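Mapping to full-length UniProt numbering: the sequence shown position 127 is 127, numbers consecutive. C-beta: ideal position from N, C-alpha, C; glycine also. Here the structure is a predicted model, which is why all the values come from computation and not from measurement. Presented below is the structure to which this report refers.
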Amino acid sequence: MTADHDTTPVQSDEALRTDGRVRERPDDPARAEAFLPAPAVQNHAANLAVLPGGDLGCVWFGGTQEGVADICVWFSRLAPRSDTWTDPVRLSDDPTRSEQNPVLFSAPTGELWLLHTAQQAGNQDTAEVRLRTSADGGATWGPTRTLFPATETGGVFVRQPPVVLEDGRWLLPVFHCVATPGVPWVGDHDTSAVMISDDQGRTWRERPVPGSTGCVHMNIHPLPDGSLLALFRSRWADAVYRSHSRDGGETWSEPVPTELPNNNSSVQYVPLADGRLALVYNHSSAADATARRVSLYDEIDEDGQAGESPAATAATAPAEVADGGRTAFWGAPRAPMTLALSSDGGLTWPHRRDLDTGDGHCLTNNSRDRLNRELSYPSVTQAPDGALHIAYTYHRRAIKYVRVAPDWAADV
């Protein structure tokens, strides 16, 4: 079944009710949604997790604009019997770096982990991964420390949560933002790897994913047959890619494209209690673009202040470069936001339904002037009550939360 394109008009930017109140949608009683309180001009890159004690937690980054040093991590929670997300609290505040891509992880040790990146301006090749932990479910937090520093070849980034295997092994997917000497980072040479810990996060070792240039935001989960499935965002804006491991994450197959498109933006999936997989992603690619950006970031000056967007050019297929590789494609529409279901371990995704629609304009990150209209960076989790909880960026102005039953995508 192909995606059902809901014709309900998208809520106008002027009408955003960022009060955190969860409301049933009048035209779809099987769905409830909210805009989380927005503490900053720009709000982006949500990640959800069920917290110790049962609350649903959401973290994201907010500030003036991605890459500016006032970007920091924010945290809100929704109690099981509450209909309102709490006012967000700030969990990071480095005045010298842009702190991005937060991830919550309820560790088997009982601690709640917050992972996030920290970079200089728009230079992802300077990024390091930082960690804070909480022993009381996120009420209070310990000091921030660097978990994975930047390397000689570039920055280290996270986007997806760690996964714990049956034997107790922890797997944390990362990607390397590889720098080319004398050239600003644009993402052409980024690669993925898995950090493995067999001592509950005290020490880590890295296992690279072969042939993963351009495949980032690696999202790992175990399948019923004991193998591991990883899904990836593609820098080439062509397709969602997949890879497998059959030895607990020690080795991985080279990523190959799936049947689903990708627009060089994040995806996330989760195994359901009934064995199916639920994936949230943008059903679009470079083939849907009429223009492309020079890079991910708008101009940021030496003082870390946002400037004008880089010029857009006529869209073309990802171009060949001198070393035989390809260039990252920025600017493919980040819409619609689609929920898909698979019953065969991610080989096919026959049930698809749009959560949100729009033109997905993302040729700029400008939130101050409301020029960005992307629906992006989804997160999805299944709570003990069986419901699917989804969060994603809405026009970079707010984080949108949606709650549906797993079969919502199939009942069309």
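CA-to-CA, the gap between A139 and P378 works out to about 25 Å. Straight-line measurement puts the Cα of A121 at about 19 Å from the Cα of A328.
The residue from A332, W113, G211 and S98 with its alpha-carbon nearest to that of L147 is W113. Taking a cut-off of 8 Å on C-beta distances, the stretch 257–274 does not touch the stretch 196–206, as fewer than three cross pairs fall below it. No Cβ-Cβ contact shorter than 8 Å links E254 with P224. As the crow flies, the alpha-carbon of G142 is around 43 Å from that of A312. In the displayed model, A409 falls within a helix according to three-state DSSP.
Secondary structure of D288 (DSSP, three-state): helix.
Checking the DSSP bridge columns, you'll see V89 partnered with F75. The beta carbons of E66 and Y297 sit closer together than 8 Å. R246 counts as exposed, since fewer than 16 other beta carbons sit within 10 angstroms of its beta carbon. Restricted to the stretch 118–170, the beta strand (DSSP E) segments that are unbroken, complete and at least 3 residues in length are 123–134, 145–148 and 154–157, listed in chain order. Approximately 27 Å separates the beta-carbon atoms of V103 and R368; this is outside 8 Å, ruling out the contact. Assignment of A15 by DSSP, reduced to helix, strand and coil, places it in the helix class.
Closest in alpha carbon position to F175, among A383, E299, A150 and D167, is A150. In the DSSP secondary-structure assignment, C177 is bridged to G155. Contact annotation: T393 and A46 have beta-carbon atoms nearer than 8 Å.
Collapsing the DSSP output to three states places A40 in coil. Excluding five sequence positions before and after C58, the CB atoms of its chain that fall closer than 6 Å to its own CB belong to A46, L48, S76 and A391, given in chain order.
Checking the DSSP bridge columns, you'll see Y269 partnered with L279. With respect to the C-alpha of V380, the residue from V256, R90, P52 and L339 having the closest C-alpha is L339. Comparing alpha carbon positions, the residue from G53, V73 and W85 closest to V22 is W85. D93 counts as exposed, since fewer than 16 other C-beta atoms from the protein chains shown sit within 10 angstroms of its C-beta.
Counting C-beta atoms within 10 angstroms of its own C-beta, G201 has 16 or more neighbours from the protein chains shown and is therefore classed as buried.
Looking at the DSSP output, T84 sits in a beta bridge with R21. Straight across, the Cα-Cα distance linking T290 with D198 is about 47 Å.
With a cutoff of 8 Å on beta-carbon distance, G137 and G53 are scored as near each other.
The beta strand (DSSP E) runs lying completely inside the stretch 362–402 and spanning 3 residues or more are 375–382 and 388–394, given in chain order. Within 10 angstroms of the beta-carbon of E33 lie 16 or more other beta-carbons, which makes it buried. Judged by DSSP secondary structure, N101 falls within the beta strand (DSSP E) whose first and last residues are S98 to S106.
The beta carbons of A335 and S284 sit about 7 Å from each other, so the pair counts as a contact at 8 Å.
CA-CA distance, A383 to H389, rounds to 7 Å.
In the three-state reduction of the DSSP assignment, W349 falls in the coil class, being assigned neither a helical nor a strand state. In the same chain as P271, and ignoring 5 residues on each side of it, the C-beta atoms closer than 7 Å to its own belong to H221 and L277, in chain order. Cβ neighbours of V194 within its own chain (closer than 6 Å, five residues either side excluded): L171, P173, R207 and G249.
Counting only runs of 4 or more residues that sit fully inside the stretch 43–72, no alpha helix (DSSP H) segment turns up.
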